[in-house]
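K.L.:
With the sequence shown counted from 1, adding 1 to any position gets you the numbering used here. Mind having a look at this structure? Questions to follow.
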Amino acid sequence: MANVTLRNVRKTYPGGFEAIKGVYVDVGDGQFCVLVGPSGCGKSTLLRMVAGLETVTGGEIDIGGRIVNQIEPADRDIAMVFQNYALYPHMSVYNNMAYGLRNRGMAEAEIKTRVDEAARILELTSMLERKPRQLSGGQRQRVAMGRAIVRQPKVFLFDEPLSNLDAKLRIAMRVEIRKLQRRLNTTSIYVTHDQLEAMTLADILVVMNGGQVEQVGNPLAIYEKPATTFVASFIGAPPMNLMSTRPEEIRSQLAGSAAADAGILGIRPEDFVITDQTPDGGVALPLTVEAIERVGAETFVYGSREQEEQRVAATPGELPPGEIIVRIPGTEAPAIGAKIRVAAVRAKLHLFSGDGRKRIEA
2 MANVTLRNVR
12 KTYPGGFEAI
22 KGVYVDVGDG
32 QFCVLVGPSG
42 CGKSTLLRMV
52 AGLETVTGGE
62 IDIGGRIVNQ
72 IEPADRDIAM
82 VFQNYALYPH
92 MSVYNNMAYG
102 LRNRGMAEAE
112 IKTRVDEAAR
122 ILELTSMLER
132 KPRQLSGGQR
142 QRVAMGRAIV
152 RQPKVFLFDE
162 PLSNLDAKLR
172 IAMRVEIRKL
182 QRRLNTTSIY
192 VTHDQLEAMT
202 LADILVVMNG
212 GQVEQVGNPL
222 AIYEKPATTF
232 VASFIGAPPM
242 NLMSTRPEEI
252 RSQLAGSAAA
262 DAGILGIRPE
272 DFVITDQTPD
282 GGVALPLTVE
292 AIERVGAETF
302 VYGSREQEEQ
312 RVAATPGELP
322 PGEIIVRIPG
332 TEAPAIGAKI
342 RVAAVRAKLH
352 LFSGDGRKRI
362 EA
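This is the structure we're talking about:
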């Protein structure tokens, strides 16, 4: 096991495109770190730099107290699990898992011990003689993980390993990966664009955007106190409602010095209630119900505000101007076209600077 520390890591491609812009991350020994962000944000590039598959333009990558910038991938003591499994179709499960160890000249007896142990952990023992074409998608992914486990590396690297699986299998494999990491207690870095995967897997969450780190921390802490409007809208589903504080209907309800500095107000869908009351220090908004989504134990109410507002900071999860999502328990919901009033208490309000780059504490 080992700490992984990234110090001002940068990556610039020929032509001047800056893919990674001075990233600092510290992953503790045995921690599960998840890099999350939209496509093209640089998370896979950063992982490949840790693996040694991409060169480092600047900064340092430290694995277990050793700077590895100039060290070959095979000598970094890491193991990587890819999105596409990368299994040899003509080899059995056993030989796929043993292949890397044989290339390193390991004794066959030690190889068998390691493969058998990994197969036992991953429940692959009865499948060791099968070929990849005889396996399901989830079983193939377990073989790919088994190939990494047998190396007994200091660090596991996962590059969107569940992207090719269907929704049901993805949930099952997500649970398996977390249980496996806790059992092995090996430092792991995992890349995904799925914020639900990120929230459920991570000990430490790194939210990336445009080659930069937007926020690092405990997943729940990031959810409860997003540092920017990008993080606020990316972490959470449905996304946080973001609206300008300029309209009088909002500014008149925001009391205190913090409100004077805020340009954007954020309220999560689950923090609204449908009520005729305006909570002391909170915010209430009149809405017209435009759509209803019933998803089982809860219902999403989509409403529009009567006052048109200016568009706030652009983010991947941004709602159209004037649209609000309210998340309520159960299946009872107001009728489409109904006029309702929704409110959120002061403790559930999130305030941000006008450019969305800074959280303002009330």
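We treat Cβ as the ideally placed atom computed from N, Cα and C, and that holds for glycine. Only a predicted model underlies this, so the values are computations on that prediction, with no experimental measurement involved.
(1) For L102, which of A345, A75, M128 has the nearest alpha-carbon?
(2) CB-CB under 6 Å to R11, same chain, minus the five flanking residues each way: which ones, in chain order?
(3) Report the residue from K359, A334, E291, D277 whose alpha carbon sits nearest the alpha carbon of A345.
(4) For T13, which of P280, D167, G211 has the nearest alpha-carbon?
(5) Please state whether DSSP places T246 in a helix, a strand or coil.
(6) Beta-carbon within less than 8 Å of V214's beta-carbon, same chain only, minus the 5 sequence neighbours each way: which residues are those?
(7) Please state if the CB of Y95 and the CB of L129 are separated by a distance shorter than 8 Å.
(8) Just to confirm, are H194 and V290 a CB contact at a threshold of 8 Å?
(9) Bridge partners of Q213, per DSSP?
(10) Mind checking whether C34 and S189 have CB atoms under 8 Å apart?
(11) Can you give me the C-alpha to C-alpha distance between T114 and L181, rounded to a whole angstrom?
(12) Rounded to a whole number of angstroms, what is the C-alpha to C-alpha distance between F243 and N97?
(13) Taking the Cβ atom as the reference point for each residue, do P330 and A298 lie within a distance shorter than 8 Å?
(14) Report the residue from Q84, A99, L88, R49 whose alpha carbon sits nearest the alpha carbon of R77.
(15) Alpha carbon to alpha carbon, how far is D63 from E7? Give it in angstroms, no decimals.
(16) Suppose the cutoff is 8 Å on Cβ atoms and the five residues either side in sequence are ignored; what does the same chain contact list for G31 look like?
(17) Please classify T229: is it buried, with 16 or more other beta-carbons within 10 angstroms of its beta-carbon, or exposed?
(18) When the Cα atoms are used, what is the spatial distance from V343 to K155?
(19) Would you mind working out which of P270, K132, P227 sits nearest L368, comparing C-alpha positions?
(20) Could you tell me the boundaries of the alpha helix (DSSP H) in which P220 lies?
(21) Please determine, among L197, V232, G43, the residue with the shortest C-alpha to C-alpha distance to E55.
(22) Three-state secondary structure (DSSP) at K340?
(23) Taking DSSP as the reference, what is the three-state secondary structure of R360?
(24) Identify the continuous alpha helix (DSSP H) that holds N9 and give its terminal residues.
(25) How big is the Cα-Cα spacing for E333 and T300?
(26) Using a 10 Å radius around the Cβ and a threshold of 16 neighbouring Cβ atoms, would you call H351 buried or exposed?
(27) So who's on the other strand from A285, going by DSSP bridges?
(28) With distances taken between CB atoms, is the gap from V327 to I275 smaller than 8 Å?
(29) What are the partner residues of D272, as DSSP defines its beta bridges?
(30) Is the segment 220 to 228 touching the segment 105 to 120, taking contact as three or more C-beta pairs under 8 Å?
(31) The beta strand (DSSP E) that contains I172, what's its start and end?
P.N.:
Taking the definition as stated:
(1) A75
(2) Spatial neighbours of R11 in its own chain (CB-CB distance under 6 Å, excluding positions within 5 residues in sequence) are listed in chain order as I21, G23, T58, G59, G60.
(3) D277
(4) T13 has its Cα closest to that of G211, out of P280, D167, G211.
(5) Residue state, collapsed to three classes: coil.
(6) V24, Y25, V26, V207, V208
(7) Contact flag set, yes.
(8) Against a cut-off of 8 Å, the Cβ pair of V290 and H194 comes out as no contact.
(9) N210
(10) yes
(11) 18 Å
(12) Reading the sequence as shown, one finds Leu at residue 243 and not Phe. Cα to Cα, L243 sits roughly 49 Å from N97.
(13) yes
(14) R49
(15) The sequence given here has Leu at residue 7, not Glu. For L7 and D63, the distance between alpha carbons rounds to 6 Å.
(16) M2, N186, T187, T188
(17) Residue environment analysis places T229 among the buried positions, since at least 16 neighbouring C-beta atoms fall within 10 angstroms of its C-beta.
(18) In a straight line, the C-alpha of V343 is about 51 Å away from that of K155.
(19) This structure cannot settle anything about residue 368, because the visible part of the chain is limited to 2 through 363.
(20) In the DSSP assignment, P220 falls within the unbroken alpha helix (DSSP H) covering 220 to 225.
(21) Among L197, V232, G43, the Cα nearest to that of E55 is on G43.
(22) If DSSP states are grouped into helix, strand and coil, K340 belongs with the strands.
(23) R360 falls in the strand class under three-state DSSP.
(24) That residue, N9, is in no alpha helix (DSSP H); its beta strand (DSSP E) goes 5 to 13.
(25) 8 Å
(26) buried
(27) A344
(28) Yes, these two residues count as a Cβ contact at 8 Å.
(29) For D272, which the question treats as bridged, DSSP gives no partner whatsoever.
(30) No, the segment 220 to 228 is not in contact with the segment 105 to 120.
(31) It is not in any beta strand (DSSP E) - I172 instead sits in the alpha helix (DSSP H) that spans 168 to 185.
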